[in-house]
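Step one of this worksheet: look at the structure below.
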Amino acid sequence: MTSAPPEVEDPTTVSRETAPSPESAKPPRDEHRVTSPRHAGAGLPRPRETRIVTVANQKGGVGKTTTTVNMAAALSQSGLSVLVVDMDPQGNASTALGIPHGGDTPGIYDVLIDGTPLADVVQESPSLPGLWCAPATVDLAGAEIELVPMVARESRLRKAVRAFLSARATAGQTFDYVFIDCPPSLGLLTINSFVAGSEVLIPIQCEYYALEGLSQLLTNIELIREHLNPSLEVSHILLTMYDGRTRLSAQVADEVRTHFREQVLKTSIPRSVRISEAPSHGETVMTYDPISSGALCYLEAAKEVARAARAGQEGSADD
Numbered sequence: 000m001t002s003a004p005p006e007v008e009d010p011t012t013v014s015r016e017t018a019p020s021p022e023s024a025k026p027p028r029d030e031h032r033v034t035s036p037r038h039a040g041a042g043l044p045r046p047r048e049t050r051i052v053t054v055a056n057q058k059g060g061v062g063k064t065t066t067t068v069n070m071a072a073a074l075s076q077s078g079l080s081v082l083v084v085d086m087d088p089q090g091n092a093s094t095a096l097g098i099p100h101g102g103d104t105p106g107i108y109d110v111l112i113d114g115t116p117l118a119d120v121v122q123e124s125p126s127l128p129g130l131w132c133a134p135a136t137v138d139l140a141g142a143e144i145e146l147v148p149m150v151a152r153e154s155r156l157r158k159a160v161r162a163f164l165s166a167r168a169t170a171g172q173t174f175d176y177v178f179i180d181c182p183p184s185l186g187l188l189t190i191n192s193f194v195a196g197s198e199v200l201i202p203i204q205c206e207y208y209a210l211e212g213l214s215q216l217l218t219n220i221e222l223i224r225e226h227l228n229p230s231l232e233v234s235h236i237l238l239t240m241y242d243g244r245t246r247l248s249a250q251v252a253d254e255v256r257t258h259f260r261e262q263v264l265k266t267s268i269p270r271s272v273r274i275s276e277a278p279s280h281g282e283t284v285m286t287y288d289p290i291s292s293g294a295l296c297y298l299e300a301a302k303e304v305a306r307a308a309r310a311g312q313e314g315s316a317d318d
């Protein structure tokens, strides 16, 4: 069985959060709000070098974008500086972070196609100081085709991210984490994301077809390692949509842990109405309902990721 943080509802019961509700009323804004970036997880390790984490799974509907924004939010709330790069043309990560990404908004498309500096498109999340986002606009849907004839088409994002991080470091504004949210397919946008990253976080849903396509994803990551990015590694696998009331979730979790014992995080993410509701309010669950089981579990998962930094490469977030 997977572990869960303290105060999470008993998975064998149906709580008011996990059970369908007659209305999706947002929690009052003055109750249980995380208003300080150091409130939730202060004291988490600060990596000495920026960790660039590509969040990917070629299978859609596994909680990839949800994992991206909530992991980023949880780390940001601990006082760490985090950037989210939205490489999914749907722009759901941008929406969840409250970032405008209409047609006239400069976004990651401009960075990839026109060479616009990343610094010119990033925006700070209105609800999470210290969390920034390079948004995906509608133009990104056509970027796959436009990238085809370009020189170094697979590494344009890496070049932009490195230039951005270098300039920020020179100015004394180091980022601790960069999370790259991929589309659920293997095209040039996803390849750019793998080439730009140093590690991969794979969300896997606890459902029947959980491992479908995973072997192909791992094969593709290995090809990227061989030809484009030798430093890329699968650092973490996160079990999502876990339902302790069903035997299937436990079976899937056990199977994944059997095959990927070193990479699977101890914390799993439960099915949660609050997690699903949060993006419609332009928020992550970390600020929308920070005492919900989903928020607490994402916080625990973020702690695991932060504390799993390579030996000798972490300091304190309070340094």
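No gaps in the numbering here: position 290 of the sequence shown is 289 in numbering that gives the first Met the number 0, and each next residue is one more.
For glycine and all other residues, C-beta sits at the position ideal for the given N, C-alpha and C.
Note that this is a predicted model, so its numbers are computed, not measured.
| Asked | Found |
| --- | --- |
| Other residues of its chain near Glu303: CB distance less than 7 Å, five sequence neighbours each side excluded | Leu264, Lys265 and Thr266 |
| Cβ pair Tyr297, Asn56 closer than 8 Å | no |
| Span separating the alpha-carbon of Arg244 from that of Leu222 | 39 Å |
| Limits of the unbroken alpha helix (DSSP H) element including Gln330 | The question about residue 330 has no answer, for the chain in this structure spans 0 to 318. |
| Contact between the stretch 80–100 and the stretch 57–66 (3+ Cβ pairs under 8 Å) | yes |
| Beta-carbon gap between Ser75 and Leu130 smaller than 8 Å | yes |
| Collapsed DSSP secondary structure at Thr66 in the structure displayed | helix |
| Inter-stretch contact at 8 Å, needing at least 3 Cβ pairs: the stretch 107–118 / the stretch 158–172 | yes |
| CB of Thr53 within 8 Å of CB of Cys205, strictly | no |
| Integer-rounded CB distance, given that Ala301 should sit under 8 Å from Tyr287 | The Cβ separation is near 16 Å, so there is no contact. |
| Inter-residue CB distance, Glu153 and Leu187 (contact presumed, cutoff 8 Å) | 7 Å |
| DSSP state of Asp242 mapped onto helix, strand, coil | coil |
| Best match in Ser80, Cys132 and Asn191 for proximity to Ala151 [C-alpha to C-alpha] | Asn191 |
| Bridge partners - Tyr176, DSSP secondary structure assignment | Arg50 and Val81 |
| Limits of the unbroken alpha helix (DSSP H) element including Ala162 | Arg155 to Thr169 |
| Inter-residue Cα distance where the pair is Ala294 and Val272 | 11 Å |
| Where Glu211 falls, given that 16 or more other Cβ within 10 Å makes a residue buried | exposed |
| Buried or exposed (CB count within 10 angstroms, at least 16 for buried), Ile274 | buried |
| For Val110 and Gln172, the rounded distance between their alpha carbons | 21 Å |
| Span of the alpha helix (DSSP H), counted from its first residue to its last, around Gln215 | Leu213 to His226 |
| Those residues which DSSP pairs with Ile201 across a bridge | Ile236 |
| CB of Thr218 within 8 Å of CB of Ala72, strictly | no |
| Cα-Cα separation between Leu200 and Gly101, rounded to whole angstroms | 28 Å |
| Ala170 versus Glu48: straight-line alpha-carbon distance, rounded | 15 Å |
| Cα-Cα separation, Ser20 to Leu238 | With a pLDDT of only 40 at Ser20, under the threshold of 50, the placement of this residue in the model should not be trusted, and no figure is reported. |
| Classification of Thr257 by the beta-carbon crowding that lies within 10 angstroms, buried from 16 upward | exposed |
| Proximity below 8 Å, CB of Cys132 to CB of Ser80 | no |
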